[in-house]
Amino acid sequence: MRERQQLDEAVTAIRKLEQDLEDAATLIELGEMEGDQASIAEGEAGIRAVEKEAASRQVETLLSGEADGFDTYLEVHAGAGGTESQDWANMLHRMYYRWAERRKFKVEIVEMTDGEEAGIKGATLLIKGHNAYGWLKTESGVHRLVRISPYDSNARRHTSFASVWVYPVVDDRIEIEIKESDCRIDTYRSSGAGGQHVNTTDSAVRITHNPTGIVVACQQERSQHKNRATAWNMLRARLYEAELKKREEKANAEAASKTDIGWGHQIRSYVLQPYQLVKDLRTGTQSTDPDEVLDGDLDPFMEASLAQRVYGGGEEVSDID
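Numbering (my numbering), first residue to last: 401 to 721.
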């Protein structure tokens with residue numbers, strides 16, 4: 401039913417584009433025959449609107465992967481660098497939260513570990529919405545920030561790193577066998593606010609999958625039972641994402657594994673001082689308004705990386721200082 405609905409929406413949208421284009425062309429033709437400049441201008445505006453909508457629909461066609469229509473988990477982890485990188489991880493966490501809100505997606509914080517002084521060591525978001533994983537799947541990688549540190553009394557320029565990891569929420573129809581004997585389950589006290597219950601009960605759950613080394617954690621609910629169920633779902637999703645990655649690597653004949661959270665591995669750089677620029681190192685896409693990007697304006701970067709993944713191409717892009 402979900403697939404049928406998506407196909408029905410796609411066909412309806414194309415038919416509407418065809419009708420709008422025909423209406424606009426007819427309006428221009430009548431305006432030229434009668435010398436009515438207002439009708440011509442209205443028809444031209446209609447064609448521009450059709451062009452804009454067609455470009456948006458073209459991006460949607462890039463989201464045709466096996467799991468693109470699924471909801472998604474998004475993890476953010478601070479790199480080495482203490483408070484500076486933990487603050488950057490928190491900024492990334494907020495950026496993706498705001499992006500999801502802009503698209504009217506539902507967002508839940510599954511797990512979050514606060515930093516010692518500021519920021520976060522890591523966090524996991526559950527983002528629910530149509531094609532959530534498809535949009536976010538190219539965001540996995542290391543993100544680099546360059547700015548004058550608010551935590552440095554000498555106002556020196558600092559470079560910080562944080563990583564983002566995206567994997568789809570597994571559909572119930574997809575069967576993934578996990579042996580409990582291959583997993584280690586740990587319980588601990590939640591670190592977030594939540595009243596007396598959080599401080600006295602080991603409600604948070606962490607599962608380690610020994611064969612792959614994958615670790616998932618959940619402290620969203622007050623009930624350990626619910627957190628355990630969510631953690632198992634997250635583990636299934638991570639294993640499914642790993643399998644999708646293997647298939648993609650085989651199809652593209654290239655190995656792209658998770659890299660160190662440090663220099664030389666970044667996919668995007670965000671420079672706030674001495675000038676302002678955000679640059680994607682895979683596609684060359686740039687923005688001179690990092691404040692807007694950090695407030696969730698990520699669509700141009702996502703569209704470019706999706707197009708590159710589908711159509712290939714792209715030259716080597718040099719990083720910015």
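Glycine is no exception: its CB is placed at the ideal position from the N, C-alpha and C atoms.
Return the first residue and the last residue of the beta strand (DSSP E) that residue 666 is part of.
666 to 671
Any contact of the region 692 to 699 with the region 483 to 499, i.e. 3+ C-beta pairs under 8 angstroms?
yes
Quick one: Cα of residue 633 to Cα of residue 459, how far?
30 angstroms
Would residue 481 and residue 531 qualify as a contact pair, given that the criterion is a beta-carbon distance under 8 angstroms?
no
DSSP state of residue 699, grouped into three classes?
helix
Buried or exposed, going by whether 16 or more other CB atoms sit within 10 Å of the CB of residue 516?
exposed
How would you label residue 408, buried or exposed, when you count the other beta carbons within 10 angstroms and need 16 or more for buried?
exposed
Can you name, in chain order, every residue of its own chain whose Cβ lies under 8 angstroms from the Cβ of residue 483, other than the five neighbours on each side?
515, 516, 517, 518, 519 and 551
DSSP-derived helix/strand/coil call for residue 512
strand
Counting only the same chain and skipping the five closest in sequence on each side, list residues whose C-beta sits under 8 angstroms from that of residue 439.
427, 428, 430 and 431
Three-state secondary structure assigned by DSSP to residue 541
strand
Would you kindly report the start and end of the unbroken alpha helix (DSSP H) that includes residue 484?
483 to 502
Could you check if residue 718 is buried or exposed, using at least 16 other CB atoms within 10 Å of its CB as the buried criterion?
exposed
Do residue 412 and residue 475 come within 8 angstroms of each other at the CB atom, strictly closer than that value?
no
The beta strand (DSSP E) with residue 680 in it runs from where to where?
677 to 680
Counted within 10 angstroms of its Cβ, other Cβ atoms place residue 668 as buried (16 or more) or exposed
buried
Tell me, to the nearest whole angstrom, how far the beta carbon of residue 690 is from that of residue 708; I am working on the premise that it is less than 8 angstroms.
That pair is no contact at about 22 angstroms.
For the alpha helix (DSSP H) that contains residue 690, what are its first and last residues?
690 to 694
With the cut-off set at 8 angstroms, would you say residue 471 and residue 533 are in Cβ contact?
yes
Any chance you could list the alpha helix (DSSP H) runs of at least 4 consecutive residues sitting entirely within the region 404 to 474, in chain order?
437 to 461
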